[in-house]
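> Numbering (my numbering), first residue to last: 37 to 289. Where is the CB? At the ideal position from N, CA and C, for every residue including glycine. Everything numeric in this text was worked out from a predicted model, so none of it was measured.
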Ligand SMILES: [Zn+2]
Ligand SMILES: [Zn+2]
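(1) With a cut-off of 8 Å, do at least 3 Cβ pairs link the segment 188-199 to the segment 133-149?
(2) Does at least one heavy atom of ligand 2 sit under 8 Å from the Cβ of residue 75?
(3) In terms of residues, what are the limits of the alpha helix (DSSP H) holding residue 179?
(4) Taking 8 Å as the cut-off, is the C-beta of residue 195 nearer than that to any heavy atom in ligand 1?
(5) Taking a contact to mean a Cβ-Cβ separation below 9 Å, would you say residue 86 touches residue 78 in this structure?
(6) Where do the N-terminal and C-terminal ends of the beta strand (DSSP E) with residue 220 fall, by residue?
(7) Work out the CA separation of residue 82 and residue 101 for me, nearest whole Å.
(8) Buried or exposed for residue 208, please, with buried defined as at least 16 other CB atoms from any protein chain shown within 10 angstroms of its CB.
(9) To test your reading of the DSSP string, which unbroken beta strand (DSSP E) runs of 3 or more residues are found completely within the segment 203-265?
(10) Does the distance from the C-beta atom of residue 71 to that of residue 109 stay below 9 Å?
(11) What are the boundary residues of the beta strand (DSSP E) that includes residue 313?
(12) Here's the rule I'm using: 16 or more other beta-carbon atoms within 10 Å means buried, otherwise exposed. How should residue 163 be labelled?
(13) Considering just the uninterrupted stretch of the alpha helix (DSSP H) at residue 104, what are its terminal residues?
(14) With 16 other CB atoms within 10 Å as the buried threshold, where does residue 97 fall?
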């Protein structure tokens with residue numbers, strides 16, 4: 037039902053993936069993908085975030101691979117972290133231009149933008165996860181933080197919205213539509229679920245299905261994500277890594 041031609045979310049040894057960039061690219065080529073993004077974890081991730089000194093090496097490697105292979109396009113990306121309530125992410129302004137594609141998601145074990153952000157974003161959400169029942173104020177604050185992030189930065193994709201953090205999918209989808217940002221169905225986590233994907237669909241949001249591969253053999257493996265998309269009845273032309281979207285987009289330009 038869906039002609040997937042790209043995987044925009046894969047990890048390598050530059051964060052805590054197991055394969056090299058070349059390993060991921062070859063795995064993608066074997067699966068017949070036309071495009072792959074290398075999106076290691078943002079600089080603030082504790083323990084395995086991307087090292088700023090690796091950037092040049094990654095860029096050179098990717099340039100070389102793009103020259104070497106004609107059947108695939110390799111993009112340098114990053115899965116940046118939301119680190120503040122005002123939408124701060126962990127990419128310094130001066131480095132934003134380094135990337136072909138920018139992903140942003142909420143992860144634990146990340147250095148916050150400030151002590152107050154550490155409490156508001158990380159501690160409050162950790163405490164809320166231990167309680168039952170919804171916390172409307174917290175959900176609203178989380179959603180606003182993500183919306184501010186996509187307003188402040190050239191973010192292309194929000195990874196696994198709703199995973200590890202309570203958000204209002206409808207509000208986020210509305211803001212994403214305005215900024216042309218895609219919401220991710222993560223084939224590894226199973227986030228967004230079909231229910232949330234339906235909400236995003238009603239708002240007309242762009243969607244991406246990603247493997248979030250941490251090993252080369254998982255690159256392009258999206259079965260779980262495809263099932264969710266199908267269950268939600270998402271049209272292929274709204275999914276940015278399908279052939280249909282690619283063709284449409286070419287017509288728009
Ligand atoms: Zn993630
Ligand atoms: Zn990831």
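Walking through what the data contain:
(1) yes
(2) yes
(3) 172-188
(4) yes
(5) yes
(6) 218-222
(7) 29 Å
(8) buried
(9) 218-222, 242-246
(10) yes
(11) The displayed coordinates of the chain run from 37 to 289. Any statement about residue 313 would go beyond what the structure contains.
(12) exposed
(13) 91-104
(14) buried
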